[in-house]
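Residue numbers (this note's numbering): 794 to 990.
Glycine included, C-beta positions come from ideal geometry on N, C-alpha and C.
Computed from a prediction, not measured in an experiment: that's the story for all the values here.
Down below is the structure, laid out as structure tokens.
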Amino acid sequence: MLPVRCLLLDLDGVLRHWDPDIIAGAERRAGLPTGALAAAAFEPELLARVVTGAVDDPSWRRCVTERLVREHGPRAAGAVAEWSAPAGAVDREVLQVVREVRRTAEVALLTNATSRLRDDLAALGLLDEVDHVLNSSELGVAKPDPRVFAAAAERVGHPLEACWFVDDTLPNVEAAREVGLRAHHHTTVDALRAFLG
Numbered sequence: 794m795l796p797v798r799c800l801l802l803d804l805d806g807v808l809r810h811w812d813p814d815i816i817a818g819a820e821r822r823a824g825l826p827t828g829a830l831a832a833a834a835f836e837p838e839l840l841a842r843v844v845t846g847a848v849d850d851p852s853w854r855r856c857v858t859e860r861l862v863r864e865h866g867p868r869a870a871g872a873v874a875e876w877s878a879p880a881g882a883v884d885r886e887v888l889q890v891v892r893e894v895r896r897t898a899e900v901a902l903l904t905n906a907t908s909r910l911r912d913d914l915a916a917l918g919l920l921d922e923v924d925h926v927l928n929s930s931e932l933g934v935a936k937p938d939p940r941v942f943a944a945a946a947e948r949v950g951h952p953l954e955a956c957w958f959v960d961d962t963l964p965n966v967e968a969a970r971e972v973g974l975r976a977h978h979h980t981t982v983d984a985l986r987a988f989l990g
């Protein structure tokens, strides 16, 4: 039995993965310069607004489309539509770990995401695989802001010291440790299993 009541688990880069060719292929087919779509979609100020709920997912994608069409012409709209279609792929090995953890503890996804998250989770068949979905765009604060961990603990109904945290982004892991969470920087399933030990 794990000495933890709730595992706070990141989604992207841990339980869900994205094929890097989705963006590259969409750019190529639309005749966009390499990196143009990512630069528009993940521009830090816009991204911060969408993952904290100031902008919803459709508005974010519209902003990305408008910027790319303005800079590169109407074919850019097709690239955004193509990039927007997939929901990613589930890491089946990590999902097995999640199922094992749920035998003795709760699992909560704690992810920086847009308002589209629940639709993606439904498409991936993950809604019933976790006990809680903690979306930064609903919490109004995103990792690595330390307030997100307090909000997560409150939502799951357990004190921080009863929660563990797993993320593939080191600054998020460091922020979690600073507020007292036992935290793991995810790199491999074997290392994840060792952490959960």
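For a test of the three-state rule: what should DSSP assign to residue 965, helix, strand or coil? helix
Candidates 957, 800, 961 and 876: which alpha carbon is nearest residue 833's? 876
Within the same chain, show all residues whose beta-carbon is closer than 6 Å to that of residue 958, passing over the 5 residues directly before and after it, in chain order. 801, 969, 974 and 976
Length of the line joining the Cα atoms of residue 912 and residue 899: 22 Å
Once the 5 residues before and after residue 804 are set aside, which same chain residues still bring their CB inside 6 Å of it? 902 and 904
Sequence ranges, beta strand (DSSP E) only - wholly within the region 939-989, length at least 3: 956-960 and 975-978
For residue 932, count neighbouring Cβ atoms within 10 angstroms of its own Cβ and tell me buried if that reaches 16, exposed if not. buried
Let me check understanding here. Comparing Cα to Cα, which of 849, 866 and 955 lies closest to residue 824? 866
Member of 982, 988 and 989 whose CA lies at the smallest distance from the CA of residue 807: 982
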